[in-house]
Amino acid sequence: MPAVMPLRRLGLPLLLATLLVPAVGVPARAATEPSVTILSPAAGDTVSGDVTVQVAVTLNDEQSLTLSAQLGDAGSATTTVSAADCPQTCTVTLPPIQSTFETPTRGGSQYVIVFGAYGSDPSHPWGLASANVTVDGPGPIWNEGAQRDPVTPSVYRDNVVDDHATVTVLAGAAGRPESTRPAGEQVELRLYTQQGSRAVPPAALITQSQPWSPGADGNLQATFHLDTTALTEGTYLIGVHARDSQGHYGDTDWADGSSEMYVRHHVGQAVDVYPPSGSSYAEVGTTGLKVEVTMYGPWKHQPGVVKARVDDGPLLPVSTPPAWPTRGDNDTTPVSALGEVTTAPLAAGDHFVQVYLYDSSNMQIGPTMGQWVHVVQLNEAAEIPTLVVMHPATVRFTGTAPLPLIYDNCGYSITFNGTSYPGDSLCTAGAKGFSTSVTWTPHNAGPAVVKLFANMAEQPSAPALISNSREYTTTVYADRTVTISNVLGTYGTVGATSVTVTDLRNIEEGSVAAADVPVTVQRLSAGSNTWQTLATVRTSTAGAARVSFTNTISGRLRALVPSTVPGDTVSSEWGWVTANSSSAWTSLPTWTRAGRFVTAKATTRPYDAGARALLQVYRYGTYSWVTVANVPVSTTGAVTSSFRLNRGYYAVRVYRLATAAHAGSLTSLRFIRVS
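Residue numbers (mature numbering (1 follows the signal peptide of the UniProt record, and there is no 0)): -30 to -1, 1 to 645.
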């Protein structure tokens, strides 16, 4: 009744002060104004249930009067009296003031107040009469509010529920317990949406009744368990009233804060634990995990620090999250805090990570949260040989997917001088492993990066659960080449060999001189298995070096230089060193008679075991040398031989045959005449 409500909101004391009336009636403002006297219930009466108000009405100069009767803060009854029906004083019975759930009657001392709106001024009701009565009805009750059920400890504050709520109603207030109530009295609860006025709420979504039962501290209580699963998230109002055995409702309890119930179907808090890569799987040896805690307001305790435990390990701190904001009752925006926990290296297998949230007093908020982390051994690898310019190299890529994963795709790339060159696929979708060799011929020296990537999923074309990317930093080295010249000389003389060192750094520039490179020349003497170092020098700016040495024995030569590859050595192809023996005459007569022995003596050096010498003559008038003796060389190097010649004029020489260690040699020619 809109015309009554403004006065009702004034409150009972202010209303009575406005009326200024005696206990039974209120005099009219003037003789021409209507007068009203309450006949029933009379002052001091006791009433219960639905209350009917009867009044005596005199309209005087008014043609009509709209009467409203109100019992305390409860509902009201209205009727209209016209001059045609009531020409003088008449008795009017108003409709009953009903005691309903929406318009309950308050037990105890209450006022019956009659209001009147004149026909000449229907928009302005006046208080015309009142009577103080005693209402015999259910007493006041106290709604303790909704509790989330059965989560303990709850992260949400009171009155925030998910799919179940517990509402406790007390017969008496805290400190004023009531242990008895009239027989048959029950408590009725109704749940409404927040829309609509509190005086006329919308239809109840949930209605339940419970009898009183003994509670804590000697107080009676009624406990309601509400199934809120089907309710949408939002704000609801809880109304509770005591109801007597005749179905009349007592003191209303439209509480402001405590009777509001907030339905939130989220969990109060959620956690996500994952490796730094962000994938669903962690790699063996991982020592850090991301921990993300999400809170849904309004929360009961102000969140603070986060801690975590891996399996049965120690409680570990999570890096400090940002400050949590203060949340209002209706603020349900999720707020997340991301931190990282440092763990011992994780072994392959499944690990359960428990996460704990604490408030500023270091008390745990909500239940312990947890999530499994899957740790797998990733064994994708690239085997990269030493890389040298213009030397074909075989790079081998291998991998075996950890169960239950398969390879979705995998490949490689090579980056050189800042440019990446992608390669072909290394595996087929759905493969459980791969082993692929790729041949690469580098064209330039310098740093290079070989990158291998492999995406793994639980089935082909499914989202990749883990992506393994490995980079191998390597170096392409210049191709160093060294050459050496042959040496030929007589035993005991000084020989020299020329060495040239060049580097091929890129195919565009070609080979260039390698300056200041140490060069070691070695000889493998005939009959030996050991290389002997003759000298070490450094190359000039032109990449050249000359090495001198005493030529004492024939054999092989080589030049050694350090490679551009650290720790390696480059050798030239073999060269040859030849040491010639020497032969010289000791004696030979210039004349003899035919048939006599001629003795020839010569000396050769150096002595080689098993060396032999030939005595050769050339008779003028013939065309070839003839060997007349083949004798061993003595240990002193002496060669001695006696022989006979026919008449003629002869040239004579000694030919020292070559050995493995020294080349052969000839004496000079000597001449002898035989008569």
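Built from N, CA and C at the ideal position, the CB exists for glycine as well.
Source: prediction; values computed, not measured.
So, residue i versus residue j, is the Cβ gap smaller than 9 Å?
i, j, result
"residue 51", "residue 104", "no"
"residue 521", "residue 459", "yes"
"residue 249", "residue 435", "yes"
"residue 416", "residue 446", "yes"
"residue 156", "residue 181", "yes"
"residue 108", "residue 65", "no"
"residue 219", "residue 148", "no"
"residue 402", "residue 377", "yes"
"residue 191", "residue 184", "yes"
"residue 442", "residue 354", "yes"
"residue 264", "residue 330", "no"
"residue 411", "residue 339", "no"
"residue 139", "residue 210", "yes"
"residue 53", "residue 32", "yes"
"residue 97", "residue 84", "yes"
"residue 584", "residue 569", "no"
"residue 233", "residue 106", "no"
"residue 484", "residue 548", "no"
"residue 208", "residue 161", "yes"
"residue 533", "residue 450", "yes"
"residue 486", "residue 511", "yes"
"residue 271", "residue 333", "yes"
Helix, strand or coil for residue i per DSSP?
i, result
"residue 188", "helix"
"residue 164", "coil"
"residue 643", "strand"
"residue 421", "strand"
"residue 535", "coil"
"residue 519", "strand"
"residue 202", "coil"
"residue 272", "coil"
"residue 3", "coil"
"residue 584", "strand"
"residue 73", "coil"
"residue 266", "coil"
"residue 525", "strand"
"residue 646", "Beyond the ends of the chain as shown, which are -30 and 645, falls residue 646; an answer cannot be given."
"residue 321", "strand"
"residue 426", "strand"
"residue 459", "strand"
"residue 158", "strand"
"residue 437", "strand"
For residue i, which residues in the same chain have their Cβ closer than 8 Å to its Cβ, ignoring the five residues on either side in sequence?
i, result
"residue 342", "320, 321, 322, 323"
"residue 565", "614"
"residue 641", "560, 619, 620, 621, 622"
Starting from the Cα of residue i, find the closest Cα among the options and give me that residue.
i, options, result
"residue 34", "351, 62, 294", "62"
"residue 540", "358, 200, 608, 364", "358"
"residue 593", "620, 571, 563, 584", "620"
"residue 422", "502, 397, 509", "397"
"residue 498", "639, 524, 478", "524"
"residue 419", "465, 455, 375, 365", "365"
"residue 513", "452, 187, 60, 645", "452"
"residue 608", "57, 595, 370, 577", "577"
"residue 134", "88, 235, 38", "235"
"residue 14", "639, 202, 78", "78"
"residue 644", "617, 630, 229, 287", "617"
"residue 87", "511, 471, 631, 3", "3"
"residue 501", "531, 508, 493", "493"
"residue 629", "602, 230, 137, 136", "602"
"residue 612", "557, 580, 631", "557"
"residue 316", "289, 385, 280, 432", "280"
Residue i and residue j look like a contact to me (Cβ under 8 Å); what is the Cβ gap, rounded to whole Å?
i, j, result
"residue 28", "residue 5", "5 Å"
"residue 251", "residue 325", "Actually they are not in contact, since the Cβ atoms of residue 251 and residue 325 sit about 19 Å apart, beyond 8 Å."
"residue 175", "residue 193", "Not really, about 19 Å apart at Cβ, beyond 8 Å."
"residue 95", "residue 38", "7 Å"
"residue 253", "residue 348", "5 Å"
What residues in its chain sit with their C-beta under 7 Å from that of residue i, if we drop five residues either side in the sequence?
i, result
"residue 552", "460, 461, 574, 575, 635"
"residue -10", "With a pLDDT of only 37 at residue -10, under the threshold of 50, the placement of this residue in the model should not be trusted; the figure read from the coordinates follows. Hits under 7 Å: 99, 100."
"residue 467", "454, 455, 457, 491, 517, 527, 545"
"residue 246", "258, 260"
Excluding the five sequence neighbours on either side, which residues of its own chain have a C-beta within less than 6 Å of the C-beta of residue i, listed in chain order?
i, result
"residue 379", "425"
"residue 535", "356, 447"
"residue 294", "273"
"residue 542", "452, 453, 454, 528, 529"
"residue 610", "571"
"residue 588", "595, 621"
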